[in-house]
Amino acid sequence: MLVMQSSRCKQCDQPLVEIDHWGECLTGCPKCNRWQTSDGEWCRLAPDDIMALRALKSPKLRSEERT
């Protein structure tokens, strides 16, 4: 998961992230669960996928705050 510092979600103002979702690169917001594919289509992740993604993101943000 790559946090994109210069891009922010238009709905919640959180940083957008880039993920590999089963071999497909998606850019989007874990909080709003809005994702854009490389060809411009929008989608949402399954509830289990978004919960796993949020769990991965949380510890990373906490460790960045300490540095």
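Residue numbers (this note's numbering): 631 to 697.
All C-beta atoms, glycine included, are put in the ideal place defined by N, C-alpha and C.
Just the C-alpha distance for Arg674 and Leu656, rounded to the nearest angstrom, thanks.
About 10 Å.
Could you round the C-beta distance between Arg684 and Trp672 to whole angstroms and report it? I think they count as a contact, below 8 Å.
Contact annotation, Arg684 with Trp672: C-beta distance approximately 19 Å; criterion of less than 8 Å not satisfied.
Cβ neighbours of Lys661 in the same chain (closer than 6 Å, five flanking residues each side left out)
For Lys661, where only same-chain residues beyond five positions count, the Cβ hits under 6 Å are Cys642, Gln644.
Minimum C-alpha distance to Ser637 - residue among Asp669, Ile649, Cys659:
Cys659
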